[in-house]
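Residue numbers (our numbering): 5 to 310.
We put the beta carbon where it would ideally sit given N, CA and C, even for glycine.
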């Protein structure tokens, strides 16, 4: 299990106890051994896919202790313990966390400045007891919650519309994903009558139209079982088609997902949850309400020669 940033603090500082300068790589390797982390643990990414959860937690452990004056950075990505850090380790603490760091005035001031525009306000004791995750992880998790709420709202609205609306929505989404050329070209590929031999729509695989993809769009509440998928594959075979997408607002049973077509026919199953995730990713039925940019210090700017 990946340790949170407060759990990383004590072993991080202990690595510096010899007074030498250590690189971040050395420190990370020491923590990997300390917590018996697997390769999978170390490579686990944050939802943004910009860094790993482990590196993020180690980085925030460094930041908090540095703000308390327990360590310093003599060179870029190089760290050394301070006299204050050595004095703390001499007391043999069981752990280092935010509650302990609040004993250092510089740290307390930094937290106060960080919370200057935050709501609701917390006192130091509340802050140290409540904060477990780092700000970037908290932001990622809250973003995921917002996406989940939005996806649920999308699904509810889709289910209130008629089947024709759903089939047209599917075509718009596939065009946004890069299939079918222009929307005008793709719109003409919707089969007018829902359930036409098990085919609800046809769309070009690419702008050149080298191959067609056949679509089954089910605006259902019930779970789609294996026979429905088999029927769709049969319809594809009847058209001489080899590629199909089965999209539903509900979900697929295990049997439906495990079904493997023969005769080189390839199908993709997209359930309601995945459909809404794609709609959010490709801005179908949604718009961007707010954008928050997360900035980082440009080290090169401050190290460049004047």
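Expressed to the nearest angstrom, what Euclidean distance is found between the alpha-carbon atoms of residue 145 and residue 138?
If you number the chain shown from 1, residue 145 lands on position 141. If you number the chain shown from 1, residue 138 lands on position 134. Straight-line Cα distance between these residues: approximately 11 Å.
Provide the residue(s) that pair with residue 83 in DSSP beta bridges, ordered along the chain.
Residue numbering aside, residue 83 sits at position 79 when the chain shown is read from its first letter. The partner list for residue 83 (beta bridge, DSSP) reads 26.
With DSSP as the reference, label residue 49 as helix, strand or coil.
In the chain shown, residue 49 corresponds to position 45, counting from 1. Reduced to three states, the DSSP call for residue 49 is strand.
Would you mind reading off the limits of the beta strand (DSSP E) that contains residue 247?
On the chain shown, residue 247 is found 243 positions in, with the first residue counted as 1. Run containing residue 247: 247 to 252, per the beta strand (DSSP E) assignment.
I need the straight-line Cα distance from residue 263 to residue 274, nearest angstrom please.
Your numbering for residue 263 matches position 259 in the chain shown. Your numbering for residue 274 matches position 270 in the chain shown. Approximately 14 Å between the Cα atoms of the pair.
Rounding to the nearest angstrom, what Cα-Cα distance links residue 256 and residue 35 in this structure?
Within the chain shown, residue 256 is the residue found at index 252, counting from 1. Within the chain shown, residue 35 is the residue found at index 31, counting from 1. Spanning the two alpha carbons is a distance of roughly 42 Å.
Counting C-beta neighbours from all protein chains within 10 Å, is the total for residue 13 16 or more, i.e. buried, or is it exposed?
On the chain shown, position 9 is the one that residue 13 refers to. Buried is the call here.
So residue 19 and residue 6 are supposed to be a Cβ contact under 8 Å. How far apart are they, rounded?
Against the chain shown, residue 19 aligns to sequence position 15. Against the chain shown, residue 6 aligns to sequence position 2. That pair is no contact at about 18 Å.
Just checking my contact of residue 164 with residue 111 at CB under 8 Å: how many whole Å lie between their CB atoms?
Indexing the chain shown from 1 puts residue 164 at position 160. Indexing the chain shown from 1 puts residue 111 at position 107. Actually they do not touch by this definition, with Cβ atoms about 53 Å apart.
Looking at the structure shown, is residue 142 part of a helix, part of a strand, or coil, going by DSSP?
What you label residue 142 is simply residue 138 of the chain shown in a count that begins at 1. Correct three-state label for residue 142: helix.
State the Cα-Cα distance for the pair residue 290 and residue 63, rounded to the nearest angstrom.
Reading the chain shown from its first residue, position 286 is the one you call residue 290. Reading the chain shown from its first residue, position 59 is the one you call residue 63. Near 35 Å, if we compare the C-alpha coordinates of residue 63 and residue 290.
First and last residue of the beta strand (DSSP E) that includes residue 273?
As a position in the chain shown, residue 273 is number 269, starting the count at 1. Element bounds for residue 273: 270 to 274.
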